[in-house]
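**Q**
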Amino acid sequence: MPTSERRGGAPTTGDRRPPNIVFIMSDDHAAHAISAYGSRINATPNLDRLAAEGIRLDSAFCTNSICAPSRAAILTGEYNHRNGVTSLHDTLDADRWSFPKALQQAGYMTALIGKWHLGHGPGVDPAGFDVWRVLPGQGHYHNPVMLEAEGRVVERPGYVTDLITDDTIEFIERQVTTSPDQPFAVMCHHKAPHRSWEPSRRHAHLFEDETIPEPETFDDDLVGRAAVVQAARMRMMDLDPYLDLKAPVPEGLSLDEEISWRYQRYIKDYLRVVASIDDNVGRLLDVIEALGLAEDTIVVYTSDQGFFLGDHGMFDKRLMYEESLRMPFLLRYPRLVEPESACDDIVVNVDVAPTLLELCGVETPDHVQGRSFVDVLTGETPDDWPTSMYYRYWMHRDGAHLAPAHYGVRTKTHKLICYYNDPLEEVGAHGPVNPVEWELFDLVTDPYEVDNVIADPAYAEVRAELVAELARQQEAVGDEPYPRAEAALPTHGA
Ligand code: CA
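Sequential numbering from 7 applies to the sequence shown in this note's numbering.
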């Protein structure tokens with residue numbers, strides 16, 4: 007991969023050398039498919055090693071659970087209504103500020119390898135990277151082509167997770183050989199484990215003779231939940247036998263048997279693809295160590311959002327429920343972060359940019375909405391640290407899933423969701439407009455979110471507080487409330 011000339015001098019972090027960054031982000035990897043997060047369905051020894059040597063964030067959330075918008079929020083430190091990427095069909099303007107740009111301007115060598123999903127061509131190609139090689143759109147699992155600057159197309163025989171890791175390793179090795187004094191930041195963005203979950207040959211038979219446990223809420227009938235959630239096409243029966251399950255449904259199964267069969271087909275491929283990520287994270291960690299970079303390198307493992315792994319009988323993401331909302335977030339930086347630490351303070355994807363910049367001694371401009379969580383990483387969470395987060399999904403009834411447009415607020419103990427159910431004039435959102443619906447969950451007594459208490463008189467006070475908190479958050483981030491939303495709150499006891 008060709009590189010452009012370096013600019014400027016390296017930033018300073020006192021007496022310390024500015025750290026390198028290896029930012030590994032997968033696509034749709036739910037935290038509950040990582041053993042360090044308590045998975046009961048797989049083991050991820052290499053991600054566990056990263057967790058053991060650093061910090062595990064248990065309340066890291068995306069502000070919009072879908073690929074392009076979450077990626078844009080991470081890069082820009084801004085919510086989607088501000089950075090302009092509210093849907094899968096939006097592109098990120100190359101002129102827009104991003105943290106890799108800030109690092110580059112501060113003297114870092116920067117690279118992006120793998121999934122981009124924020125547009126291709128003049129004005130929207132990846133910006134702020136000295137080196138980039140990305141998958142076009144979603145890319146392919148096997149023998150992918152990849153794109154570079156000036157429209158160069160590279161054919162890559164092999165398996166996508168291995169190739170993205172190979173290129174990341176090649177970049178790091180070249181950098182420490184040619185410019186050992188210049189810090190670097192590399193974004194290693196995997197395609198896996200995104201749909202259609204196509205394993206590598208070496209993992210193709212993993213779990214073959216096993217039965218993967220079904221999640222606690224696998225049989226959730228969604229009674230009492232919003233009608234638009236019940237109507238979303240994200241259940242096991244909505245998986246495509248040809249594309250997703252890669253096998254015809256056996257004849258003679260009852261409905262329950264077919265649902266279980268579908269789950270096994272789906273989850274095994276998902277976990278096989280996760281295994282490729284785990285192997286390759288291990289490979290990357292080994293290289294970082296072998297090159298003597300471990301002390302001076304921040305290694306992050308995260309995913310653009312979570313995923314339903316049969317939870318509530320669903321697959322996919324988009325909804326504000328925990329399994330989809332939560333991002334795994336592991337960070338190792340031996341100079342600052344205690345090994346084997348964990349934290350439950352709420353951080354969101356827009357906080358990533360200012361955090362990494364602070365760790366690198368680079369200033370974050372005022373327009374950035376996120377807040378650095380460096381103090382959270384060191385166990386010194388400030389007294390005024392946020393205790394709630396704001397979420398919005400815009401793409402009403404998009405594509406095959408028909409997930410509803412909604413926004414909401416999550417505190418440490420509760421979640422309030424307003425399905426405003428209107429495409430408005432958003433790209434990738436479709437009619438019809440549905441009546442506004444609300445959900446409220448008590449995450450302490452109902453951590454799996456099966457009991458919607460929005461109309462329960464016992465929650466009248468909590469509900470009023472959360473409605474006020476939602477309005478406060480919307481004002482703070484500069485988003486517009488839906489005009490008819492509050493009027494549609496149900497009467498208590500209704
Ligand atoms: Ca994704």
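Backbone N, C-alpha and C define an ideal beta-carbon position, used for all residues, glycine too.
The structure displayed is predicted, hence computed values, not measured ones.
Tell me whether D310 counts as near ligand 1, meaning its Cβ is closer than 8 Å to at least one heavy atom of that ligand.
**A** yes
**Q** Let me know if R398 comes out buried or exposed under the rule of 16 or more other beta-carbons within 10 Å of its beta-carbon.
**A** buried
**Q** Need the endpoints of the beta strand (DSSP E) that N26 sits in, please.
**A** N26 to S32
**Q** What is the C-beta distance between I460 and P496, in whole angstroms, given that I count them as a contact (C-beta under 8 Å)?
**A** 6 Å
**Q** Roughly how many whole angstroms lie between the Cα atoms of I170 and G164?
**A** Linking I170 to G164 through their CA atoms gives a straight-line distance of about 10 Å.
**Q** Compare the beta carbon distance of L449 and R416 with 9 Å and say whether it is the shorter of the two.
**A** yes
**Q** Given the structure, does D250 come close to ligand 1, in the sense that its CB is under 8 Å from one of the ligand's heavy atoms?
**A** The closest heavy atom of ligand 1 lies 8 Å or more from the beta carbon of D250.
**Q** Can you tell me the Cα-Cα spacing of E443 and M320, whole angstroms?
**A** About 20 Å.
**Q** So K107 is in the alpha helix (DSSP H); what residue range does that whole segment cover?
**A** F105 to Q111
**Q** Work out the CA separation of W122 and V439 for me, nearest whole Å.
**A** 32 Å
**Q** Buried or exposed, going by whether 16 or more other CB atoms sit within 10 Å of the CB of S260?
**A** By the 10 Å Cβ count, S260 comes out exposed.
**Q** Going by alpha carbons, who is nearest to D65 out of A37, T50 and A74?
**A** Per the sequence shown, residue 65 should be read as Ser rather than Asp. The shortest Cα separation from S65 among A37, T50 and A74 belongs to A37.
**Q** With a threshold of 8 Å, establish whether the CB of D34 neighbours any heavy atom of ligand 1.
**A** yes
**Q** Just how far apart, CA to CA, sit F29 and A494?
**A** Whole-angstrom Cα-Cα distance: 43 Å.
**Q** Return yes when the Cβ of P334 is within less than 9 Å of the Cβ of Y43, no when it is not.
**A** Taking 9 Å as the cut-off, the Cβ atoms of Y43 and P334 count as close.
**Q** On the criterion of 16 or more Cβ atoms from any shown chain inside 10 Å, does G484 qualify as buried, or is it exposed?
**A** exposed
**Q** How do the segment 222-232 and the segment 195-205 stand: do at least 3 beta-carbon pairs fall below 8 Å, yes or no?
**A** no
**Q** Can you tell me whether S76 sits near ligand 1, meaning its C-beta is under 8 Å from at least one heavy atom of the ligand?
**A** yes
**Q** Taking C68 as part of the alpha helix (DSSP H), name the residues at either end of that continuous run.
**A** Where C68 is concerned, there is no enclosing alpha helix (DSSP H), given that its DSSP letter is neither H nor E.
**Q** Please work out which residues of its chain come closer than 7 Å, Cβ to Cβ, to E11, disregarding the five sequence neighbours upstream and downstream, and give them in chain order.
**A** Low confidence applies to E11: its pLDDT is 44, below 50, so where it sits in the model is not reliable enough to give any reading.
**Q** With 16 other CB atoms within 10 Å as the buried threshold, where does E263 fall?
**A** exposed
**Q** Tell me the DSSP secondary structure of K421 in three-state form.
**A** strand
**Q** Which runs of the alpha helix (DSSP H) at least 4 residues long sit entirely within the segment 310-352? Give them in chain order.
**A** 328-331
**Q** Only counting the same chain, and skipping five residues up and downstream in sequence, which positions put a Cβ closer than 7 Å to that of A406?
**A** R239
**Q** Any chance the CB of K421 is under 8 Å from a heavy atom of ligand 1?
**A** no
**Q** So, using beta-carbon positions, are V305 and G60 closer together than 9 Å?
**A** Yes.
**Q** Please go through the same chain and pick out, in chain order, the residues whose beta-carbon is closer than 6 Å to the beta-carbon of F162, but skip the five residues on each side of it.
**A** Before going further, note that residue 162 is Arg rather than Phe in the sequence given. Taken in chain order, the residues that qualify are P150, M152 and L169.
**Q** Between which residues of its own chain and A191 is the CB-CB distance below 6 Å, once the five residues before and five after are set aside?
**A** I27, L109, Y114 and T116
**Q** What number of angstroms, rounded off, separates the C-alpha of H209 from the C-alpha of Q270?
**A** 16 Å
**Q** Going straight from the alpha carbon of G157 to that of D101, what length do you get?
**A** 19 Å
**Q** Go through the segment 71-155 residue by residue and report every complete run of the beta strand (DSSP E) that reaches 3 residues or more, in order.
**A** 115-120, 137-140 and 151-153
**Q** Going by alpha carbons, who is nearest to P388 out of H412, L365, Y272 and D351?
**A** The shortest C-alpha separation from P388 is found at D351.
**Q** Does V305 come out as helix, strand or coil in the three-state DSSP assignment?
**A** The answer is strand: DSSP assigns V305 an E or B state.
**Q** Report the three-state DSSP secondary structure of H209 (helix, strand or coil).
**A** H209: helix per DSSP, three-state reduction.
**Q** Express the C-alpha separation of T223 and H318 in angstroms, rounding to a whole number.
**A** In a straight line, the C-alpha of H318 is about 5 Å away from that of T223.
**Q** The beta strand (DSSP E) that contains Y396, what's its start and end?
**A** That run of the beta strand (DSSP E) goes S394 to Y399.
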